[in-house]
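Those protein sequence lines, which keep their order, are chains A and B. First residue of the first sequence: 31, per our numbering; consecutive thereafter. First residue of the second sequence: 31, per our numbering; consecutive thereafter. Below: one structure, written as structure tokens.
Number of protein chains: 2
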Amino acid sequence: MQLFHMNFDPLSRFVRLVLNEMGLAYELIDEKPHLRREDFLNLNPAGEVPVLLIDNIFPLVTPYSIIEYLEEGVVSAQQSLYPPNAMGRAEVRRLLGWFNQKFYHEVSQPFIFEMAQKRFLPPELGGGTPDMAILRAARANIGYHLEYIGWLSSRRAWLGGEVLSYADFVAAAHISVLDYFGEVPWENVPQAKLWYARMKSRPAMRSIFQDRVVGMAAASHYGDPDF
Amino acid sequence: MQLFHMNFDPLSRFVRLVLNEMGLAYELIDEKPHLRREDFLNLNPAGEVPVLLIDNIFPLVTPYSIIEYLEEGVVSAQQSLYPPNAMGRAEVRRLLGWFNQKFYHEVSQPFIFEMAQKRFLPPELGGGTPDMAILRAARANIGYHLEYIGWLSSRRAWLGGEVLSYADFVAAAHISVLDYFGEVPWENVPQAKLWYARMKSRPAMRSIFQDRVVGMAAASHYGDPDF
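This is the structure:
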């Protein structure tokens, strides 16, 4: 399997974490979607990462399509990251939507674009200096999302229910990107911090803690489970 | 089952079409998400439609969570709207992402907000007259999406492959909303028009052709399969 991804894209990071946790081997291929490389557009006409290429020929597109394909035929029941009952799975899928759509549009996407991508883009593709009004709005949104994570983790063993699931990895994927920039107000929500400390100590998380943005150091606690 | 929906929200309309096609009975409940009704926020803290309430107690949130729940335990193999093989299902799930995320953000959401919702909102929630620059961009995007529908339907029996699937209903849900406003340039893409004529003649589509926007008539061909 080959994973076409982009560093600090939370959707790509989510799939990496899932493949790591399942113990599946894969090759990681850096893709810059804004270059609109023709071979990549043949894999995904939407021109977006992540894409998981199976057997060099079949591209799985969107995190949703990727995880359902893995669940349907690639992994064993022990490796599954869904709860065993239908209502539990429905709750995990709701949270996948919460993070990959709501959190993504309200926090991750504006934040990453302003902080990490804009500096490397030409002006005609929206390059330039960060827009402070957009960053302020994204920072306000992080606060309420972090409270929601704290609320969930104070009522359940894990974010999606009683077992570790995709809900934890999707939340950790988005949160870890913001945490690189030191933008998660951990001290305000101790329950969320306790949940993330447990996630950070998982081996599946190790490789993402080595990602770096050129010219921008990680927050000092970025990879440290005791933060 | 109770479906909390909003007229002309394409995500809600997608779920209605699916339930109609499966022949499942449900009660339709009008919800205005911007009112942030407390009972509705208890069902879905994201405050978004559609929500499918099962047995008066268990809310299914996001179209993704709804259809996977139906597939896992509610409908028979004959009623399933997925192809029978894993790769076929992956392709349909890719197209669900294409329409419910890409098409939604590039076309449906800006269009519906500017044309139908803005007139009924107070200024502090973004109400007012349509922004012509946003409408121009959405209109340009309709063109390339319609070509993609034509491209798919010229190579396959249905949009997602050889069987009628969620891919057809999700595309029809979004397209039918734009078609109400007369905003689909059908004459430019005959293959897309042929596909939509087949969809329009399905009984599952009938109820949505009765939806009306107050003070705005439907395009003359809106519900007519011979358009």
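Just so it is clear, CB atoms sit at the ideal spot from N, CA and C, and this is done for glycine as well.
Own chain residues within Cβ distance below 8 Å of residue i, not counting five before or after
| i | result |
| --- | --- |
| V79 of chain A | F34, H35, M36, D39, L41, S42, E61 and P63 |
| G77 of chain B | P63, R66, F70 and L71 |
| L208 of chain B | V137, S138, F141, I172 and V214 |
| Y112 of chain A | E101, G118, R119, V122, S195 and Y196 |
| F257 of chain A | W216, K223, A227, K230 and H251 |
| A55 of chain B | M31 |
| R232 of chain B | E51 |
is_contact[residue i, chain B] using C-beta, thresh 7 Å
| i | result |
| --- | --- |
| Y94 of chain A | yes |
| Y99 of chain A | yes |
| K132 of chain A | yes |
Cβ of residue i within 7 Å of any chain A Cβ
| i | result |
| --- | --- |
| Y196 of chain B | no |
| L165 of chain B | no |
| G157 of chain B | no |
| E102 of chain B | yes |
| G127 of chain B | yes |
DSSP-derived helix/strand/coil call for residue i
| i | result |
| --- | --- |
| L111 of chain A | coil |
| M31 of chain A | coil |
| E192 of chain B | coil |
| F88 of chain A | strand |
| D198 of chain A | helix |
| E213 of chain A | coil |
| V48 of chain B | helix |
| M246 of chain B | strand |
| L54 of chain B | coil |
| V219 of chain A | coil |
| D69 of chain A | helix |
| L41 of chain B | helix |
| V81 of chain A | strand |
Residues of its chain near residue i, where Cβ-Cβ distance is below 6 Å and the 5 sequence neighbours each way are ignored
| i | result |
| --- | --- |
| A248 of chain B | Y210 |
| G253 of chain B | F239 |
| G157 of chain B | K148 and L151 |
| P255 of chain B | A227, K230 and S231 |
| Q131 of chain B | none |
| V81 of chain A | F34, L73, N74, P89 and V91 |
| L49 of chain B | Y56 |
Cutoff 7 Å: residue i Cβ touching any chain E Cβ
| i | result |
| --- | --- |
| Y196 of chain A | Absent from the structure is chain E; the protein chains it does hold are A and B. |
Residues of its chain near residue i, where Cβ-Cβ distance is below 7 Å and the 5 sequence neighbours each way are ignored
| i | result |
| --- | --- |
| L182 of chain A | L189 |
| Q221 of chain B | G180, S183 and S184 |
| F129 of chain A | V200, A201 and H204 |
Residues, ordered as in the chain, of the region 47 to 58 of chain B that lie near chain A by beta-carbon distance below 7 Å: none
Hey, is the region 141 to 155 of chain A in contact with the region 85 to 97 of chain A, meaning 3+ C-beta pairs nearer than 8 Å? no
Validate contact between the region 101 to 112 of chain B and the region 70 to 86 of chain A using beta carbons, cut 8 Å, 3 pairs: no
Members of the region 71 to 94 of chain B near chain A, C-beta cut-off 9 Å: N74, P75, A76, E78, I84, F88, P89, L90, V91, T92, P93 and Y94
Could you name the residues of the region 110 to 123 of chain A whose beta carbon sits closer than 9 Å to any beta carbon of chain B, in the order they occur along the chain? A116, M117, R119, A120, E121, V122 and R123
Is it true that the region 237 to 245 of chain A meets the region 166 to 177 of chain B, where meeting means three or more beta-carbon pairs spaced less than 8 Å apart? no
Taking beta-carbon pairs under 8 Å, can you tell me which members of the region 182 to 196 of chain A lie near chain B? none
What residues from the region 228 to 253 of chain A come within 7 Å of chain B, judged by C-beta to C-beta, listed N to C? none
Three-pair Cβ contact test at 8 Å for the region 149 to 156 of chain B versus the region 226 to 235 of chain B: no
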